[in-house]
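*Asks:* For reference, the structure I am asking about is given below.
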Amino acid sequence: MGKIPFAVIFDMDGTLFQTETVLVPALHKTFDRLRREGLWQGDTPVREYLRILGAPVLEVWRRLMPEADEAVRGRAAEWFLDDIIAEIEQGNGRLYPDVLTTLAALADQGIPLFVASNGRQRYLDAIRTAFQLERYFIDFYSLDRFSLPSKSALVKQLLNDYEIERAVMVGDRRSDIEAAKDNGLWTIGCRFGFANDEELREADIVIQRFGELSRLNLPSLVSGE
Numbered sequence: 001m002g003k004i005p006f007a008v009i010f011d012m013d014g015t016l017f018q019t020e021t022v023l024v025p026a027l028h029k030t031f032d033r034l035r036r037e038g039l040w041q042g043d044t045p046v047r048e049y050l051r052i053l054g055a056p057v058l059e060v061w062r063r064l065m066p067e068a069d070e071a072v073r074g075r076a077a078e079w080f081l082d083d084i085i086a087e088i089e090q091g092n093g094r095l096y097p098d099v100l101t102t103l104a105a106l107a108d109q110g111i112p113l114f115v116a117s118n119g120r121q122r123y124l125d126a127i128r129t130a131f132q133l134e135r136y137f138i139d140f141y142s143l144d145r146f147s148l149p150s151k152s153a154l155v156k157q158l159l160n161d162y163e164i165e166r167a168v169m170v171g172d173r174r175s176d177i178e179a180a181k182d183n184g185l186w187t188i189g190c191r192f193g194f195a196n197d198e199e200l201r202e203a204d205i206v207i208q209r210f211g212e213l214s215r216l217n218l219p220s221l222v223s224g225e
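As numbered in full-length UniProt numbering, the sequence shown has no gaps in its residue numbers, which increase by one up to the final residue, 225.
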């Protein structure tokens, strides 16, 4: 492909995909199974999950099940992945308003688009298939695909693999902003996702709706024109 002079890198959860549309029913299914297996007592920790959504998988399950051993957490994570993919394949997931039209507009401008997510690759593939996102994106990067420890490392890998010279990172959590800053990228924070104002304080721009991206001249913002 050769060097890419400019690209836009998107987070998935809380940026493109309304994760709660599949997360809550899938989480209840997983914890129902944990209760049946005698591995969990009490309510399903939906609020806690929404607070930490976007964190790497291992960290998520350590915080959801702090007293469980790693084997049980691993089993729960796999069940949850199966349950959430089933929800997506059944057509229960939703993108945020104006995502497809905005992505189409950016792609029509010839801007290369990528996804970099802490989500599992199987999960990203399910969303990609459900909404035919391969029409717009060149590639979908996940931590488990490359066995990387952080989103900062994942974005670095993406930049290096595709020889991207300049880029904008679009995301809704502190980890997205940090990953961008660690790699010298410009940042757009999404206030419609799961972040609070504090998480997005260091973003270069904060948008309230996804469609606002189509009104920004993204290459010129990065170049300072």
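Where a beta carbon is used, it is the ideal one built from N, C-alpha and C, also for glycine. In this text the structure is predicted, and so the values were computed from the model without any measurement.
Using the three-state DSSP reduction, which class does A167 fall into: helix, strand or coil?
*Replies:* Within the sequence shown, residue 167 is the residue found at index 167, counting from 1. It is a strand residue.
*Asks:* Decide if R174 is buried, meaning its Cβ has at least 16 other Cβ atoms within 10 Å, or exposed.
*Replies:* Your numbering for residue 174 matches position 174 in the sequence shown. R174 comes out buried.
*Asks:* Which residue comes first and which comes last in the beta strand (DSSP E) that contains W186?
*Replies:* For the purposes of this step, residue 186 is taken as residue 186 along the sequence shown, with counting starting at 1. Note, W186: beta strand (DSSP E), W186 to C190.
*Asks:* Is the Cβ-Cβ distance between G189 and V206 less than 7 Å?
*Replies:* In the sequence shown, residue 189 corresponds to position 189, counting from 1. In the sequence shown, residue 206 corresponds to position 206, counting from 1. Yes, these two residues count as a Cβ contact at 7 Å.
*Asks:* Around the C-beta of P112, are 16 or more other C-beta atoms found within 10 angstroms, so that it is buried, or is it exposed?
*Replies:* The residue labelled residue 112 in the question sits at position 112 within the sequence shown. Buried is the call here.
*Asks:* Would you mind giving the Cβ-Cβ distance between A116 and L154, rounded to the nearest angstrom? I have them listed as a contact below 8 Å.
*Replies:* Against the sequence shown, residue 116 aligns to sequence position 116. Against the sequence shown, residue 154 aligns to sequence position 154. Rounded, the Cβ-Cβ distance is 5 Å, consistent with contact.
*Asks:* Between which residues of its own chain and L64 is the CB-CB distance below 7 Å, once the five residues before and five after are set aside?
*Replies:* Within the sequence shown, the letter at position 64 stands for residue 64. Same-chain partners within the cutoff: P45, E48 and Y49.
*Asks:* Assuming P219 contacts F6 (C-beta within less than 8 Å), just tell me the rounded distance between them.
*Replies:* Position 219 of the sequence shown, counting from 1, holds the residue named residue 219. Position 6 of the sequence shown, counting from 1, holds the residue named residue 6. Right, their Cβ atoms sit about 5 Å apart.
*Asks:* Under 7 Å Cβ to Cβ from I88, same chain only, skipping five residues before and after it: list those, please.
*Replies:* Here residue 88 refers to the residue found at position 88 of the sequence shown. Answer for I88: V22, A126, I127 and A130, listed in chain order.
*Asks:* With F131 as the anchor, note down where its alpha helix (DSSP H) starts and where it stops.
*Replies:* The residue given as residue 131 occupies position 131 in the sequence shown. Segment Q121 to F131, the alpha helix (DSSP H) holding F131.
*Asks:* If we ignore side chains and look at the alpha-carbon of each, how far apart do S150 and H28 end up?
*Replies:* Translated into the one-based positions of the sequence shown, residue 150 becomes position 150. Translated into the one-based positions of the sequence shown, residue 28 becomes position 28. So the alpha carbons of these two residues sit roughly 27 Å apart.
*Asks:* Going straight from the alpha carbon of L133 to that of L100, what length do you get?
*Replies:* Within the sequence shown, the letter at position 133 stands for residue 133. Within the sequence shown, the letter at position 100 stands for residue 100. The alpha-carbon atoms of L133 and L100 are separated by roughly 8 Å.
*Asks:* According to DSSP, simplified to helix, strand and coil, what is S220?
*Replies:* Locating residue 220 in the sequence shown gives position 220, counting from the first residue. Note: S220 maps to helix in three-state DSSP.
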